[in-house]
Amino acid sequence: MAILLKSRKEIDKLREAGRLVAQTFEVLRPYVKPGTTTAELDKIAEDFIRSHDATPIYKGYGGHPGGNGRPAIPPFPGTICASVNEVICHGIPSDKKVLQDGDIIGVDIGVILNGWVGDSCMTYAVGNVDEESQRLMEVTHKSMELGIEQARHGNHLGDIGAAIQTYAESHGFSVVRDLVGHGVGRSLHEDPNVPHFGRPGTNKRIQKGMVFTIEPMINVGTYKTETLADRWTIVTADRKRSAQYEHSLAITDGAPELLTVL
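Quick note: the sequence shown uses the numbering used here, first residue 3, plus one each step.
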């Protein structure tokens with residue numbers, strides 16, 4: 003597929019969708035506490051998104067009936083991905099999953115507003131987390147910021163991945179290889195794919211008008227992953243903790259414009 007470069011007007015539309023995602027995170031924040039279920043967070047997010055004439059893009063996303071050696075995958079059932087502790091991403095909200103003091107939870111939110119997509123993720127601490135989990139969140143957030151700094155016209159996608167990988171690994175953590183950032187526009191997943199590891203000067207050249215996500219998933223232990231029986235939930239192979247942060251951004255003449263902020 004070709005990379006779809008966005009006009010100034012289209013970027014402004016994407017920013018409107020991204021701002022709604024950022025607002026949803028702020029609405030959720032007070033409820034991310036011990037005793038709340040991930041299903042409760044899901045309902046709060048869905049109600050808020052729909053009240054602003056937008057649609058949760060993850061709900062009903064994906065899935066296929068299987069066949070030809072491929073397993074059946076049901077459509078994703080939630081508004082948010084709620085990924086607790088060792089869950090890297092795509093955690094399914096559940097009324098059986100009760101947040102506990104000391105947990106960390108990655109919440110990924112996607113909306114479609116007036117035909118344009120907003121997509122972002124953040125990791126929250128639940129109550130009082132241990133030092134290692136706090137450091138994991140801080141390193142993951144900083145690695146995303148360092149990746150964003152490399153997202154400039156004329157650089158390469160490999161520059162983004164290299165900045166993230168170098169920083170995360172220098173702190174003793176690992177970078178998930180199996181999952182990447184991606185272009186966004188009228189569809190949730192467009193070209194290009196944006197790996198969070200790599201070598202400077204490699205992969206596609208970054209161009210003005212590109213819009214994509216940078217969303218590193220950083221693990222305490224191994225970078226290897228495992229997909230659970232529900233066909234969605236992806237966990238660390240060693241069951242150690244993982245954190246993720248994500249912004250959607252637009253490439254301009256200078257520094258990238260973050261679209262998923264207030």
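All residues carry an ideal CB built from backbone N, CA and C; glycine is no exception.
Keep in mind that this is a model prediction, so the values were computed, not measured.
Secondary structure note for A164: its alpha helix (DSSP H) is the uninterrupted segment 159 to 172.
Of V196, R17, H143, the smallest CA-CA separation from I114 is found for R17.
Where L251 is concerned, the enclosing beta strand (DSSP E) starts and stops at 249 to 252. If you ignore the 5 residues before and after D103, its C-beta comes within less than 7 Å of the C-beta of P36, V128, G129, N130, all in its own chain and listed in chain order.
Look at the beta carbons and you see the segment 156 to 163 touching the segment 206 to 221: at least three pairs across the two are nearer than 8 Å. In this structure, V186 places its C-beta atom within 8 Å of the C-beta atom of V119.
Contact between M219 and L181 holds: CB atoms are separated by about 6 Å, below the 8 Å threshold. The beta carbons of I46 and L22 sit no closer together than 8 Å.
Runs of the beta strand (DSSP E) spanning 3 or more residues and lying entirely within the segment 191 to 238 occur at 192 to 196, 213 to 216, 219 to 221, 227 to 229, 236 to 238, in chain order. Counting along the chain, the unbroken beta strand (DSSP E) around A84 starts and ends at 82 to 86. R241 sits in coil when the DSSP states are folded into three classes, being neither helix nor strand. Judged by DSSP secondary structure, L115 falls within the beta strand (DSSP E) whose first and last residues are 106 to 115.
V237 is a Cβ neighbour of E228, given a cutoff of 8 Å. When secondary structure is reduced to three states using DSSP, S96 falls in the coil class, being assigned neither helix nor strand.
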